[in-house]
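Under this note's numbering, the first residue of the sequence shown is numbered 10, with each subsequent residue one higher.
Presented below is the structure to which this report refers.
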Amino acid sequence: FEAAQIQPIHTLTAIEKSARLVRKMIKKDLLVSSIDASAPLSRWGGNNDPAGVHVFIDLSNIVIGFFEKLKADRRMPKSARPKKPPMSFHSLAFIFERGRKVARRVLAGSHREYVGGVKTTRPWYMLDAQNCGYEMNILEPVEKTKEPVFLKKKKRHGTGNGYATTSGPSSGSDGVSYRRVSQEQCVDEILQMKMLETLVDFAVPAVVVLASGDAAEAEYSGGFFKMVKRFLKKGWKVELFAWSAGLSFEYRSKSFLNRWKGRFRVIELDEFSEELLAMYTVQRNSRGCIVLAKTGGK
Numbered sequence: 010f011e012a013a014q015i016q017p018i019h020t021l022t023a024i025e026k027s028a029r030l031v032r033k034m035i036k037k038d039l040l041v042s043s044i045d046a047s048a049p050l051s052r053w054g055g056n057n058d059p060a061g062v063h064v065f066i067d068l069s070n071i072v073i074g075f076f077e078k079l080k081a082d083r084r085m086p087k088s089a090r091p092k093k094p095p096m097s098f099h100s101l102a103f104i105f106e107r108g109r110k111v112a113r114r115v116l117a118g119s120h121r122e123y124v125g126g127v128k129t130t131r132p133w134y135m136l137d138a139q140n141c142g143y144e145m146n147i148l149e150p151v152e153k154t155k156e157p158v159f160l161k162k163k164k165r166h167g168t169g170n171g172y173a174t175t176s177g178p179s180s181g182s183d184g185v186s187y188r189r190v191s192q193e194q195c196v197d198e199i200l201q202m203k204m205l206e207t208l209v210d211f212a213v214p215a216v217v218v219l220a221s222g223d224a225a226e227a228e229y230s231g232g233f234f235k236m237v238k239r240f241l242k243k244g245w246k247v248e249l250f251a252w253s254a255g256l257s258f259e260y261r262s263k264s265f266l267n268r269w270k271g272r273f274r275v276i277e278l279d280e281f282s283e284e285l286l287a288m289y290t291v292q293r294n295s296r297g298c299i300v301l302a303k304t305g306g307k
């Protein structure tokens, strides 16, 4: 299903979007009204301090959630495949860091460097993240054979969800289907290893910012939820940022929230989706129509 290019709901300049972002963050108690947010909003990286917060980003989880939220807000069907709109990682980093001192900035994700023998360009948000001072752990997706599926000659309706990261052919005949799919491997595990480095190397508990709603076990690790519990048990505070549609039940559990009240907080990103869309009003053309600009090429 081919859909039209995603366009901003509100035609705003970059400065106007930044101002809206700050107002929303104040409303959600993420910023105090007296703060001068102009400095961290205009700064790229920096502000490093070993006693600061530790930021870890599951990039694919956040980016896919961002695309799906924009589609949902525009009432596009899940099957719609519009051109992926640009995301402002700079604004995303501001939401996570909020002008605080930062000890570590780490993200993990995947990107196919070559397609058909031709080198590809990384999405702009990855370059944006690098400019913001984030440690880039970008892996190549791998080809895997899925478990065999026994098929019948009948019409089948798939389920799936917007956070799926695999794709491959299927068969319509009787027999056994072996699907080859392209998917991430060890991305979550690398990010969790980086989190363990923080837990081991920093003796004094501070604040961990984790951007991922995934709580499931990874292929080779116990998963992010287990990692979050490790930090909490060691006296750390944890801020979890996620899209509501991709937030796992474990993080919503009343017993878990009550046990770690005051030390664990969930912040949903849904309200900030339009401010993260890196498309801005810059001028009007000769006909008086608004012209939109976007940052980056993808």
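The beta carbon of each residue, even a glycine, is placed where N, CA and C say it ideally should be.
Here DSSP, grouped into helix, strand and coil, assigns V72 to helix.
No Cβ-Cβ contact shorter than 7 Å links P95 with A220. Our two residues, I18 and A60, have alpha carbons roughly 40 Å apart in a direct line.
Ranked by Cα distance from K92, the first of F76, R113, A102 and L101 is F76. Looking at G55, T22, V291 and R107, the one whose alpha-carbon comes closest to that of K33 is R107. The alpha carbon of R84 has as its nearest neighbour, out of Q16, F273, G231 and L136, the alpha carbon of Q16. Inclusion of R29 and E284 in the CB contact set at 7 Å is warranted, their separation being smaller than that value.
Beta-bridge partners assigned by DSSP to D67: A117.
Between A138 and L116 the beta-carbon gap is near 6 Å, inside 8 Å, which marks them as a contact. Residue environment: K87 is assigned as exposed (fewer than 16 neighbouring CB atoms within 10 Å of its CB, all protein chains considered).
In the structure shown, E77 adopts helical secondary structure according to DSSP, grouped into three states. Sorting G118, C141 and G125 by C-alpha distance to the C-alpha of R131 places G118 at the top. According to the DSSP assignment, F240 belongs to no beta strand (DSSP E) but to the alpha helix (DSSP H) extending over F233 to K242.
Distance from V218 to F250 at the Cβ level is roughly 7 Å; contact confirmed, criterion being Cβ atoms closer than 8 Å.
Taking 7 Å as the cut-off, the beta carbon of F103 is found closer than this to the beta carbon of P49. Contact check for K78 against S282 passes: the beta carbons are separated by less than 7 Å.
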